[in-house]
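1 is the number of the first residue of the sequence shown in the numbering used here; add one for each residue after it.
Notes to accompany the following structure.
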Amino acid sequence: MRRLLGMLFAACFACALGVAPVAADGERPGDFDYFVMSLSWSPSWCALEGDARKSPQCDAGTGFGWVMHGLWPQYERGWPAYCPTAVRAPSRGMTAEMADIMGTPGAAWHQWKKHGTCVGVEAAQYYGLMRLAYERIERPEVLRGLGRDVTLPARVVEQAFLEVNPGLEADQITITCRDGRIQEARICLDMQLKPRRCGADVIRDCRAQDALLEKLR
1 MRRLLGMLFA ACFACALGVA PVAADGERPG DFDYFVMSLS WSPSWCALEG
51 DARKSPQCDA GTGFGWVMHG LWPQYERGWP AYCPTAVRAP SRGMTAEMAD
101 IMGTPGAAWH QWKKHGTCVG VEAAQYYGLM RLAYERIERP EVLRGLGRDV
151 TLPARVVEQA FLEVNPGLEA DQITITCRDG RIQEARICLD MQLKPRRCGA
201 DVIRDCRAQD ALLEKLR
């Protein structure tokens, strides 16, 4: 199935346009089993990292909620990273065009360097796949409409995604937490960017009953 990767990407663009996890650096591009699309709750990232970096993503009034963290090639257990490739790196224009869904151009650059190099396509195609995956998953509007910070069980966030994405099942999405905050929604996708069951090292949900979900900035 892996050998069909190029054809699947071409078809996609024609339509559009426990064991601890193991990371493997320097693997062969295009050799993986499925994707994980990671959506980050921007207010949490800002509180944990972005504010200290003075990231423009965290400026008042930006209104970022679920931003695309990345589209990660994944093995059934573990993942490739920083794959050697002769493919040309993305231009500044390419990364700037991704800021509307990723928060900043720098985030787009980092994702290409760490994960995009392992997909086996050109940078523009990788960013196109990211945007297509992002557009195919509805983000719960109810969470964006919060007028104040709230604490809630992480499973409530998962349920909100399931309700607005009728084809999505509980074993295809996981909610992660960090330092008591809702951090990310990770959705597992097959080579055609359709939801599929997550691998054992991705499927584990945050079990917090009182995770903080900050309001939009």
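For glycine and all other residues, C-beta sits at the position ideal for the given N, C-alpha and C.
In the DSSP assignment, residue 71 falls within the beta strand (DSSP E) that extends over 66–74.
If you look at residue 174, you'll find it in the beta strand (DSSP E) that goes 173–178. With respect to residue 119, residue 30 sits close: the two C-beta atoms are nearer than 8 Å. Contact between the stretch 150–160 and the stretch 122–132 is absent, with fewer than three C-beta pairs closer than 8 Å. Residue 66 sits close to residue 185, with the two beta carbons spaced by under 8 Å.
The three-state secondary structure of residue 209, taken from DSSP, is coil. Taken atom to atom, the span from the alpha-carbon of residue 111 to that of residue 150 is near 30 Å. For residue 34, the enclosing beta strand (DSSP E) begins and ends at 34–41. Relative to the Cα of residue 34, the nearest Cα in the group 137, 144, 216, 71 belongs to 71. Per the Cβ contact rule, the stretch 89–101 is not in contact with the stretch 136–148 (fewer than 3 Cβ pairs under 8 Å). Annotation for residue 190: 34, 35, 196 place their beta carbon closer than 8 Å to its own, counting only its chain and skipping 5 residues before and after. A Cβ-Cβ separation of about 6 Å places residue 103 in contact with residue 64 under the 8 Å criterion. By the Cβ neighbour-count rule, residue 60 is exposed, with fewer than 16 other Cβ atoms within 10 Å of its own.
Nearest Cα to residue 155 within the set 199, 147, 163, 207: 207.
When DSSP states are grouped into helix, strand and coil, residue 97 belongs to the helix group. About 5 Å separates the beta carbons of residue 117 and residue 85, which is inside the 8 Å limit, making them a contact pair. Counting along the chain, the unbroken beta strand (DSSP E) around residue 80 starts and ends at 79–81.
Per DSSP, the continuous beta strand (DSSP E) segment holding residue 150 begins and ends at 150–152.
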